[in-house]
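Here the working numbering = 1-based position in the sequence shown + 13.
Positions of the beta carbon are idealized from the N, C-alpha and C atoms, including for glycine.
The next block holds one structure in the form of structure tokens; read it before the comments.
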Amino acid sequence: MNTDVRANRELVQRLSNSQIFKDYEKAFNETTGLPLAFRPREVWNLVQAGRRNENPFCQLMAKANKTCAACLETQEALVQGCANGEANTVTCFAGLCDTAVPVKMGQEVIGYLQTGQAGLTEPTPERFSRVARQLIDWGLKVDLKEAEEAWYQSKVLTRQQYESVVRLVSIFAQHLSLLCNQLMIRE
């Protein structure tokens, strides 16, 4: 791992362990019912895995290689879509939205606040049928009844509610960016 990547990870870890981040994460989790993670630029694991309010369907899917790969591709698409420095939202194969918001130090993106795993429409049998077909097409050995039960437990927000969640995360990302810039000036 090169020094720049290591320093980036250490800075993100330092901020993730800060009281301001812990307080915001707790308030965000309790208010929205959604997970929130602060991840470095480079990451090759599922960011929300094991986090408070992780979607039960996502948790179940993370156990299978094909869906895990699909989730990692979604995370990569999130980051690629943030190239303009703005928040980006992507919808996964299961119809769940994920959002990444860049956190910067100066002009450089050091990481992303990531949330989501939420639907923007009420789940229906027809929609789950499409999800189940995709799982079968991938050849997954998953209990479809268990997957269906988990999928129906997904948090559902209106588009306006989700846009407000993204705005909250964007404001916090700006705050973290200011903290990063203060750290940079001190050091």
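Rounded Cβ spacing between residue i and residue j (contact assumed at less than 8 Å)
i           : j           : result
residue 157 : residue 145 : 5 Å
residue 92  : residue 113 : 6 Å
residue 116 : residue 186 : 5 Å
residue 28  : residue 192 : 7 Å
Closest residue to residue i among the options (Cα-Cα distance)
i           : options               : result
residue 125 : 151, 140, 100 and 119 : 100
residue 9   : 139, 127, 121 and 95  : Past the edges of the chain, shown from 14 to 200, lies residue 9, and the structure says nothing about it.
residue 54  : 123, 182 and 82       : 123
residue 86  : 105, 73 and 71        : 105
residue 30  : 51, 196, 70 and 67    : 51
residue 69  : 188, 150, 194 and 129 : 129
residue 42  : 120, 188, 64 and 155  : 64
residue 171 : 195, 110 and 147      : 110
residue 152 : 18, 74 and 96         : 74
residue 94  : 167, 35, 127 and 118  : 127
residue 96  : 120, 83 and 18        : 120
DSSP three-state assignment for residue i, whether helix, strand or coil
i           : result
residue 179 : helix
residue 163 : helix
residue 52  : strand
residue 120 : coil
Nonlocal neighbours in the same chain, by C-beta distance under 6 Å from residue i, ignoring five residues either side
i           : result
residue 39  : none
residue 149 : none
Cβ shell of residue i (< 7 Å), same chain only, five flanking positions each side left out
i           : result
residue 98  : 115
residue 72  : none
residue 147 : 106
Cβ shell of residue i (< 8 Å), same chain only, five flanking positions each side left out
i          : result
residue 13 : The chain is shown from 14 up to 200; residue 13 falls before or after that span and cannot be answered.
residue 89 : none
Residue i CB to nearest heavy atom of the ligand GTP below 7 Å
i          : result
residue 24 : Ligands in the displayed structure: none, and consequently the ligand GTP is not present.
- Query: Do the region 154-164 and the region 16-25 make contact, defined as three or more Cβ pairs closer than 8 Å?
  - Reply: no
- Is there contact between the region 43-55 and the region 164-184, where contact requires at least three CB pairs shorter than 8 Å? yes
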